[in-house]
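Peer 1: Numbering (this note's numbering), first residue to last: 12 to 122. C-beta atoms are modelled at their ideal positions from N, C-alpha and C, and glycine is treated no differently. Here it is, the structure in full.
Spelled out as structure tokens, the structure:
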């Protein structure tokens, strides 16, 4: 008689992950409209929620995006290597910020 293979459950994000992602998207939408005040507010809220789950790659991505919107190239570059799958996005933001000296989210995010 063979033993049954354990069934791996599909990944289910926590409520904090979902809320942080929603807030990030609201911040991105504000940034695309050049509404920097609301973009920063939503991203800071997203970061506070993300810190509850301690996902360091996600936190680095949000912190890097905040640094970008604040035209902080040094802070942004410091986050790139810690952002996991989102490192390429932060790299693209850094290239635009370095070229122009100021953020332009719509152009640098690639929309």
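Between 73, 27, 53, which has its C-alpha nearest residue 94's C-alpha?
Peer 2: Looking at the Cα atoms, 73 is the closest of the given residues.
Peer 1: Quick check on the DSSP output: the alpha helix (DSSP H) that includes residue 74 runs from which residue to which?
Peer 2: Residues 67 to 80.
Peer 1: Just checking my contact of residue 47 with residue 76 at CB under 8 Å: how many whole Å lie between their CB atoms?
Peer 2: Residue 47 to residue 76, Cβ: 12 Å. No contact.
Peer 1: What distance in whole Å lies between the Cβ atoms of residue 119 and residue 107, which are believed to be in contact at a cut-off of 8 Å?
Peer 2: Contact flag correct, Cβ pair sits at about 3 Å.
Peer 1: Just confirm the distance between the C-beta atoms of residue 68 and residue 34, as a whole number of angstroms; I'd bet it's less than 8 Å.
Peer 2: Between residue 34 and residue 68 the Cβ distance is about 17 Å, and since that is not below 8 Å, they are no contact.
Peer 1: Under a three-way DSSP split, which group does residue 16 fall into?
Peer 2: The answer is coil: DSSP assigns residue 16 none of H, G, I, E or B.
Peer 1: I need the straight-line Cα distance from residue 112 to residue 84, nearest angstrom please.
Peer 2: If you take the alpha carbons of residue 112 and residue 84, they lie about 8 Å apart.
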